[in-house]
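J.: Supplied in structure tokens, the structure appears directly below.
Number of protein chains: 4
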Amino acid sequence: MPLTPEQQAEIDALRATPRPTLRAVSEGMEAHLYRAHQVLDHGFVRVIDYMGDDAAIVQAARVSYGAGTRKVNDDSGLIRYLMRHWHSTPFEMCEVKLHVKLPIFVARQWIRHRTANVNEYSARYSIMDREFYIPTPEHLAAQSTVNNQGRGAVLQGDEAARVLEILKSDAARSYDHYEEMLSQDGQQGLARELARMNLPANIYTQWYWKVDLHNLFHFLRLRADAHAQYEIRVYAEAIAKVVADWVPVAFGAFEDYRMGGVTLSARAIAVLKRRLAGETVAQEDSGMSKGEWREFTEVWG
Amino acid sequence: MPLTPEQQAEIDALRATPRPTLRAVSEGMEAHLYRAHQVLDHGFVRVIDYMGDDAAIVQAARVSYGAGTRKVNDDSGLIRYLMRHWHSTPFEMCEVKLHVKLPIFVARQWIRHRTANVNEYSARYSIMDREFYIPTPEHLAAQSTVNNQGRGAVLQGDEAARVLEILKSDAARSYDHYEEMLSQDGQQGLARELARMNLPANIYTQWYWKVDLHNLFHFLRLRADAHAQYEIRVYAEAIAKVVADWVPVAFGAFEDYRMGGVTLSARAIAVLKRRLAGETVAQEDSGMSKGEWREFTEVWG
Amino acid sequence: MPLTPEQQAEIDALRATPRPTLRAVSEGMEAHLYRAHQVLDHGFVRVIDYMGDDAAIVQAARVSYGAGTRKVNDDSGLIRYLMRHWHSTPFEMCEVKLHVKLPIFVARQWIRHRTANVNEYSARYSIMDREFYIPTPEHLAAQSTVNNQGRGAVLQGDEAARVLEILKSDAARSYDHYEEMLSQDGQQGLARELARMNLPANIYTQWYWKVDLHNLFHFLRLRADAHAQYEIRVYAEAIAKVVADWVPVAFGAFEDYRMGGVTLSARAIAVLKRRLAGETVAQEDSGMSKGEWREFTEVWG
Amino acid sequence: MPLTPEQQAEIDALRATPRPTLRAVSEGMEAHLYRAHQVLDHGFVRVIDYMGDDAAIVQAARVSYGAGTRKVNDDSGLIRYLMRHWHSTPFEMCEVKLHVKLPIFVARQWIRHRTANVNEYSARYSIMDREFYIPTPEHLAAQSTVNNQGRGAVLQGDEAARVLEILKSDAARSYDHYEEMLSQDGQQGLARELARMNLPANIYTQWYWKVDLHNLFHFLRLRADAHAQYEIRVYAEAIAKVVADWVPVAFGAFEDYRMGGVTLSARAIAVLKRRLAGETVAQEDSGMSKGEWREFTEVWG
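The listed protein sequences correspond, in order, to chains A, B, C and D.
Everything in the first sequence is counted per the numbering used here, starting at 1 for the first residue and increasing by one.
Everything in the second sequence is counted per the numbering used here, starting at 302 for the first residue and increasing by one.
Everything in the third sequence is counted per the numbering used here, starting at 603 for the first residue and increasing by one.
Everything in the fourth sequence is counted per the numbering used here, starting at 904 for the first residue and increasing by one.
Put into structure tokens, the structure is as follows:
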């Protein structure tokens, strides 16, 4: 359980005191505010604040298009049109601020999404907590034999046990040593900014992360994808559920055009057209490489 | 007056219906929501939405610094510390969305601030309104004789009258021609995306502009500065008043360290130290150029 | 002709003096350096500097993937893989700096691409040249009757003549008045930063524009697209030709996956699969809106 | 020594083959190309490519200011003017690409500078090398007693020895375990993307990092500062030396206005003016907090 009783009490207190506002309010998002959605063994995602809703997207788009747009029958149609045609600026008009607790090796992937605001817990200034990500046995996977950056089968029996034992004991030892080096009991005590270098990448950190909806969709498209590493994908999936409650129409369009969609190259279009015309096309005859053909047939058979 | 009765009625309606929220609320900002602050002859600035308050800055900074920070006595001291040491990320945790109506030549300067989200009224899609910025006589200034990009004395008598007459009649004629080219009355009607090219840079456009507080402060520092062009400075000043009500502590620190502060070069520091030691220093002896020395003596005499 | 003899002499001089460098060199790009590619009636695009080539993309990707990547047979396959899987960071390792002369209404669309560096000629500081974009008759199009932001048929006879006469005479008059207001002959002379407001949006400005290859591809995808306004599309097309000479492999992948590709929604995939299975699908039965269906059938019949 | 003989041979080969280019060439930078500047025990900084020089800054600024600027006597004066007045866009016209090898805890600070392009060695795809940062004894500092995020005195005798022994043995053990978990010798072998979580933050990674000169100056100002952590400061200092050879005029202005300069608040200006008038001002009477006063007197006595 990632929350202490004090933390839960703080959340309860924050949720007990609604205040009036004249701003746009998303009821779906209000239900999530401050609550911790557990991810992995000690991590979480919490919504701290948000700005805008589906209507804010439409409103911003109507400034772009002015009075002429009125002909688009309904808001949902307009939002789908914007998503289909990569009109990203109206989606940038919504913003969300999350509090995330996550292992450092996940944080290192996450931070590569640059168009966001971040305040991370400082291990120069403060002492890290003794919390490490230890995978459950079903997520202890072997190196993939076909994909250099993927996972294969789940580790079996003794090997799994050995790995878990290594991860647990190394985490515990490194943290013991971290405390030992920091200690000012009978010694000077190493600087925090130095002692942290001994901690492994599965220790948990936390940050506030603020991002607009367009860039969040981009994050979700890459990180909720089946090719993303499991440990970041579960964060993306937890956030996706929240977004579905926040801006249901925009999220629906995102699911249809991005998560559930595919991009076809000119070569792939040509192959599909030949197939539609009744022709049977082989890889050698497609203009595609073997890897590209494999990806193509995964979708189209 | 920049607002139509319909627009004012819409604002009144939006302000009449507060809804409960669990988010941070800034009372100072709630008072501004949707209201139009007039700028120039037909322009305005309106707050459409906001996220965060002074406490959100502190909250984000405390994640950065963790428990160790508790020693900073009060929030105001921490915010001043962050501003002094250019710790910009906590200020990025606040966000504001504005609706702005402004002349195109002002919009062209404004858009150079890239770290913001924009949706502008589209003249490809829609027809522009017949509204042009015409300076009041006291802002009809001559070219500066000492500063290539500044203004000098106010134009006098006949010259001022001639200029105003030109600006008014050219605006009216160009708009008449715009309508004439667009007209589908007895002719095909030129495409909007082409007809707009005839409109001068003092016609009004409008946009939604969303920005975080750190980048907004940067905008205000440059555009509320005495060297900024008057026509954008008045927008910056109108926004500054709103920000002072939104995040009073952060704005106070911004005024002290940025708007009211100066940056001294190593050479300028050396000169001031010599002065503090009782020495009289001349430009030739300062290591500074004439222009630099003039700017230096404007502050220090 | 957009270049003066002095400008052409300067270009010739710059091209006459090669110097040795240890950096990556793209022969295709060296042939373009400094030369002006004419666009519209008075505009141009010139390459001023560039960094990197196809090999630099591969080199950066190999750091991402380390030794494991060696298995990808050839550079071209790796570049196509990166493009297909939206791995954008290796493409960001190439950079180009352009000098562009363009009408202000085109510049206003262009600047919306925020991830680039810009230095524009300042009309606060300097005096604008008397150069205006006047469309050729075959680009004088009527408003589209089916697309609110598009063009329809070319204007005919008298109407075309009237439009051209308006554009020419308004441009000339506004520039005459601009000079008249600026003049210090027997009067004070209006400040440049004010006088410019009288100039219409078809006057030419110029800027240095520096962008990385990933963001340039994004620009080209949107602006070389058939839906882009003609007057910006011709700039995108001129730049695309330069890029094809600079990084031919990356450009080939871009053409196949982006310019020639399409994105299919989940609904569109489902329809195509039904068609591949021999079924005839109607719009009412597709889950798509009429607009979406029209766009779908434009590609797939 | 951070380079293998193969790496040194590759560098020598790259440096042996100059090619002609028409681009701007910085002789100072050509001397650095590809060479490894050692930083810390196993790290380095290498220049891989660059674009522009001092003249490119001036050239870009002259487009901003047009013909009017000619009055600024010389390029150096213009560059100093731009730096003094925070005109950042001309500096953005220069770009540099570095290859950096650095410990992960340094990389985590570095990546917070978002306006840059990065390709990092992938530990999902590839196997990390057995290289860890172990501080030299003189950099093994105690936690500061006055600054929560700083270092105090150097650790003495037994304590220093204990810390070094912990860092070395934990690094060795974690890497042994990393290899053991990855091994496919008689077992499946854990996925690389999982095994890496056991590695501590002082293991070395490497990346290509590309940034424009304006953002690089911002990086140097923060990271070459006396308050920056030593382990990132040495990278900043190594880069600063390279930049001084690349764009000597711009670097000189940067040193004078940024590295050697200070920012004074309105309150600090008021105190200095009182001192210049002969008054003695105490902290209680200054309007400044104790911390602010301490920083003020560090500069001004």
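Where a beta carbon is used, it is the ideal one built from N, C-alpha and C, also for glycine.
Note that the coordinates shown come from a computational prediction; the quantities given were computed from them, not determined experimentally.
If you measure from the beta carbon of glycine 353(B) to each beta carbon in chain A, is any gap under 9 Å?
T.: It does; some Cβ of chain A falls within 9 Å.
J.: According to the Cβ coordinates, are glutamate 1195(D) and arginine 385(B) closer than 9 Å?
T.: Yes, the pair counts as a contact, with Cβ atoms nearer than the cut-off.
J.: Taking the alpha helix (DSSP H) that methionine 29(A) belongs to, which residues open and close that run?
T.: 27-30
J.: My output table needs one value for threonine 437(B): the three-state DSSP class, helix, strand or coil.
T.: coil
J.: Show which residues of chain D have a CB atom less than 9 Å away from the CB atom of arginine 564(B).
T.: First, the residue type needs correcting, since residue 564(B) is threonine and not arginine in the sequence shown. Chain D residues near threonine 564(B): Arg987, Trp989, Tyr1160, Arg1161, Gly1164, Val1165, Thr1166, Leu1167.
J.: Where does isoleucine 504(B) sit, in a helix, a strand or coil, going by DSSP?
T.: strand
J.: State the CB to CB distance for the pair cysteine 94(A) and methionine 29(A), rounded to an integer number of angstroms; the pair is presumed to be in contact (CB under 8 Å).
T.: Not confirmed; about 10 Å, so no contact.
J.: Is histidine 87(A) helix, strand or coil by DSSP?
T.: coil
J.: Pick from Glu295(A), Thr17(A), Ile232(A), Met288(A): whose alpha carbon is nearest that of aspartate 858(C)?
T.: Met288(A)
J.: Counting C-beta neighbours from all protein chains within 10 Å, is the total for alanine 317(B) 16 or more, i.e. buried, or is it exposed?
T.: exposed
J.: What does the Cβ neighbour count give for aspartate 814(C), buried or exposed, with the cut at 16 atoms within 10 Å?
T.: Burial call: buried.
J.: In three-state DSSP terms, what is methionine 954(D)?
T.: strand
J.: Using three-state DSSP, classify arginine 621(C) as helix, strand or coil.
T.: strand
J.: Any beta-carbon of chain A closer than 9 Å to the one on alanine 718(C)?
T.: no
J.: Can you give me the Cβ contacts of leucine 441(B) inside the same chain, cut-off strictly under 8 Å, excluding the 5 residues immediately before and after it?
T.: Val455, Leu456, Ala461, Val464, Leu465
J.: Output the distance between the C-alpha atoms of alanine 142(A) and asparagine 148(A), rounded to the nearest integer angstrom.
T.: 11 Å
J.: Taking the beta strand (DSSP E) that asparagine 719(C) belongs to, which residues open and close that run?
T.: 719-722
J.: State yes or no: is the beta carbon of histidine 1130(D) nearer than 9 Å to at least one beta carbon in chain B?
T.: yes
J.: Taking DSSP as the reference, what is the three-state secondary structure of alanine 537(B)?
T.: helix
J.: May I ask you to list the residues that DSSP assigns as paired with aspartate 1115(D)?
T.: Glu998(D)
J.: Which of the three DSSP states is assigned to alanine 527(B) in this structure?
T.: coil
J.: Can you name the residues of chain C whose CB is closer than 9 Å to the CB of arginine 493(B)?
T.: Within 9 Å Cβ-Cβ: Gln745, Asn750, Gln751.
J.: Considering only their Cβ atoms, is the gap separating proline 20(A) from arginine 559(B) smaller than 9 Å?
T.: no
J.: Just the chain A side, please: which residues come within less than 8 Å of asparagine 1105(D) by C-beta, in chain order?
T.: Residues of chain A passing the Cβ test: Met197, Asn198.
J.: Would you please verify whether the beta carbon of aspartate 285(A) is less than 9 Å from any beta carbon of chain C?
T.: no
J.: Return the CA-CA distance between proline 908(D) and arginine 664(C), expressed in angstroms with no decimal places.
T.: 20 Å
J.: Only counting the same chain, and skipping five residues up and downstream in sequence, which positions put a Cβ closer than 8 Å to that of aspartate 956(D)?
T.: Ala927, Val928, Ser929, Met932, Cys997, Trp1149, Val1150
J.: If you count every other CB in all the chains shown that lies within 10 Å of the CB of valine 975(D), and 16 or more means buried, which is it?
T.: Caution applies to valine 975(D), whose pLDDT of 48 falls short of 50 and renders its modelled position unreliable; the value that the coordinates give is listed next. Buried: at least 16 other Cβ atoms inside 10 Å.
J.: Leaving out the 5 sequence neighbours to the left and right, which residues in its chain are closer than 6 Å to phenylalanine 819(C) when beta-carbon positions are compared?
T.: Phe856
J.: At 9 Å on the CB atoms, spell out the chain D contacts of leucine 577(B), in chain order.
T.: Leu1175, Arg1178, Leu1179, Trp1203, Gly1204
J.: From the DSSP output, which residues share a beta bridge with valine 1165(D)?
T.: Leu565(B)
J.: Whose C-alpha, out of Leu14(A), Arg294(A), Thr136(A), is nearest the C-alpha of valine 39(A)?
T.: Thr136(A)
J.: Tell me the DSSP secondary structure of glutamine 143(A) in three-state form.
T.: strand
J.: What residue range does the alpha helix (DSSP H) around histidine 945(D) cover?
T.: Annotation for histidine 945(D): no alpha helix (DSSP H) segment contains it, and DSSP assigns it neither H nor E.
J.: Starting from the beta carbon of glutamate 593(B), find every residue of chain D whose beta carbon is closer than 7 Å, and list them in chain order.
T.: Arg987
J.: Beta-carbon of valine 464(B) versus every beta-carbon of chain C: anything under 9 Å?
T.: yes
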